[in-house]
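One structure is given here, and the rest of the page talks about it.
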Amino acid sequence: MSKIVVFGASGQLGQCLKQVAAEMNITDIAFPNETEANILNTEALQQLFAKHQPQYVINCAAYTAVDKAEDELGLARKINKTGVENIAVLCKEHTTAFVQVSTDFIFAGNTPHPLIETDPAEPISVYGLTKLEGEQVIPPNTEKYFILRTSWLYSEHGNNFVKTMLKLGKERDELKIIADQVGTPTYAIDLASAILQIIESGSRAYGIYHYSNEGVTSWYDFAQGIFDISNTEVKVLPIHTAEYPTKATRPAYSVMDKSKIKKTFGIEIPYWRHSLEKCIAALSQNQ
1 MSKIVVFGAS GQLGQCLKQV AAEMNITDIA FPNETEANIL NTEALQQLFA
51 KHQPQYVINC AAYTAVDKAE DELGLARKIN KTGVENIAVL CKEHTTAFVQ
101 VSTDFIFAGN TPHPLIETDP AEPISVYGLT KLEGEQVIPP NTEKYFILRT
151 SWLYSEHGNN FVKTMLKLGK ERDELKIIAD QVGTPTYAID LASAILQIIE
201 SGSRAYGIYH YSNEGVTSWY DFAQGIFDIS NTEVKVLPIH TAEYPTKATR
251 PAYSVMDKSK IKKTFGIEIP YWRHSLEKCI AALSQNQ
């Protein structure tokens with residue numbers, strides 16, 4: 001038996017949860033492999049719930065290839081909606097609390113103010129649509145849930161913007177980075193810490209919450225910050241979204257208001273640049 005079971009354990013957030021759980025001395029947590037914890041295999045899921053009898057499950061499993069999703073709606077929907085529904089049904093059956101990780105991509109990104117949890121969801125991409133559908137299948141199936149929307153996730157693990165920029169910064173003299181998409185980077189270690197703090201608090205303040213690091217920035221300024229902190233010599237040129245066409249449309253403004261999660265759980269959220277410094281320091285140690 002394990003108090004907490006993590007789906008998508010090998011992904012970026014799953015690996016960060018493993019690291020933070022060890023730091024917080026949380027030992028009653030299981031990180032099953034993708035075969036045992038296949039969210040599309042209801043039989044495997046039933047066996048997993050029976051084996052662990054978890055009080056909480058954290059779902060980090062998701063289809064996250066934003067541009068590819070435009071051509072793979074069926075697969076994205078299977079993982080981001082049907083898989084979530086499968087977990088929700090079993091959570092209800094086993095009186096397990098469900099922690100689902102969602103995204104700023106459920107918003108259109110055309111509001112001039114930081115987004116609150118009750119702002120209308122209007123996804124403008126297949127990825128955003130399927131993640132919203134994943135949110136929507138939870139409440140009809142179980143009352144015990146925390147949906148955490150996050151944005152611009154990065155860490156020492158997996159593929160992400162920070163690692164890509166550090167790689168390209170070494171290979172090139174000049175980079176063109178989008179300057180008219182604004183949001184907030186999130187260090188996956190900080191998100192993992194927030195999730196485990198919520199669980200450890202034993203709170204029943206179920207519902208939807210926003211979590212990213214503090215502050216506001218563009219992709220251009222984020223890249224500039226990465227190069228400044230890592231002492232990488234590369235010229236960064238700001239460009240408009242129109243100059244870098246992608247298959248999926250991204251939200252132009254997806255800064256999220258974190259007042260609710262801070263007030264409800266007393267969580268302190270670090271400034272994005274301070275967390276970026278920690279990540280880059282950790283990456284340089286690992287080299």
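Read in order, the letters of the sequence shown correspond to residues 1 to 287 in UniProt numbering. Ideal Cβ placement from N, Cα and C applies to all residues, glycine included.
Bridge partner(s) assigned by DSSP for residue i
| i | result |
| --- | --- |
| E214 | Y271 |
| T142 | In the DSSP output, where bridge partners are listed per residue, T142 has none listed. |
| V126 | Answer is none; V126 lacks a bridge partner. |
| I29 | I4 |
| residue 289 | The structure shown does not extend to residue 289, since the chain is modelled only from 1 through 287, so no value can be given for it. |
| T186 | L153 |
| Y253 | V182 |
| L115 | M256 |
Segment limits, alpha helix (DSSP H) that includes residue i
| i | result |
| --- | --- |
| A97 | First-last for A97: 97-103, but that is the beta strand (DSSP E), not the alpha helix (DSSP H). |
| R77 | 73-77 |
| Y220 | 219-229 |
| Q19 | 12-23 |
| L40 | Note, L40: premise wrong, no alpha helix (DSSP H); not H, not E. |
| V137 | That residue, V137, is in no alpha helix (DSSP H); it is neither H nor E in DSSP. |
| V162 | 161-171 |
| G83 | 83-93 |
Close Cβ partners of residue i (< 6 Å) along its chain, the five nearest in sequence each way excluded
| i | result |
| --- | --- |
| L73 | V126 |
| P238 | A179, Y220 |
| N141 | A88, V89, K92 |
| E122 | A108 |
| A9 | F31 |
| A69 | A76, V126, Y127 |
| A97 | Y56, K144 |
| G134 | N80, K81, V84 |
| L148 | V101, Y209, Y211 |
Separation of residue j from residue i, as counted between CA atoms
| i | j | result |
| --- | --- | --- |
| V6 | E243 | 39 Å |
| K170 | Y220 | 17 Å |
| Y187 | L17 | 12 Å |
| T118 | V84 | 21 Å |
| G207 | L90 | 18 Å |
| S203 | T95 | 15 Å |
| L129 | V234 | 36 Å |
| P114 | V57 | 29 Å |
| L13 | H52 | 21 Å |
| Q285 | E23 | 18 Å |
| E36 | P112 | 44 Å |
| L41 | P54 | The amino acid occupying residue 41 in the given sequence is Asn; Leu does not appear at that position. Each residue's alpha carbon lies about 18 Å from the other. |
| V216 | F49 | 40 Å |
| F146 | I261 | 11 Å |
| T164 | V66 | 16 Å |
| I222 | P245 | The displayed chain sequence assigns Phe, not Ile, to residue 222. Near 19 Å, if we compare the C-alpha coordinates of P245 and F222. |
| S275 | H157 | 15 Å |
| Q224 | P270 | 19 Å |
| L153 | L191 | 9 Å |
| V255 | L283 | 26 Å |
Beta strand (DSSP E) segment containing residue i, residue limits
| i | result |
| --- | --- |
| V5 | 4-7 |
| E174 | 174-178 |
| residue 289 | Nothing can be reported for residue 289, as the shown portion of the chain is limited to 1 through 287. |
| V57 | 56-59 |
Contact set for residue i: own chain, Cβ-Cβ below 8 Å, skip 5 residues either direction
| i | result |
| --- | --- |
| A280 | The sequence given here places Ile at residue 280; Ala does not occur at that position. Within the same chain, I280 has close Cβ partners V162, L166, I226, I229, S230. |
| T241 | I178, D180, Q181, R250, A252 |
| T103 | Y127, G128, K131, R149, T150, S151 |
Own chain residues within Cβ distance below 7 Å of residue i, not counting five before or after
| i | result |
| --- | --- |
| D257 | P114, L115, I116, H210 |
| S193 | V20 |
| S201 | F265 |
| S155 | Q12, C16, Y187, A188, I189, C279 |
| V137 | K81, V84, E85, A88 |
| E277 | I229 |
| S2 | D28, I29, A30, H52, P54 |
Proximity test, residue i beta-carbon vs the ligand ADP heavy atom, cut-off 7 Å
| i | result |
| --- | --- |
| S284 | Of ligands this structure carries none, so the ligand ADP is not represented either. |
Check: Between the stretch 30-50 and the stretch 195-212, do at least 3 Cβ pairs fall closer than 8 Å?
Finding: Short answer: they don't touch.
Next item on the list: Determine, using beta-carbon pairs with one atom in the stretch 97-113 and one in the stretch 158-172, whether at least three such pairs fall under 8 Å.
Entry: Contact annotation: the stretch 97-113 does not touch the stretch 158-172, with fewer than three C-beta pairs closer than 8 Å.
Check: Is it true that the stretch 189-204 meets the stretch 239-259, where meeting means three or more beta-carbon pairs spaced less than 8 Å apart?
Finding: Touching, no, given that fewer than three Cβ pairs across the two stretches are closer than 8 Å.
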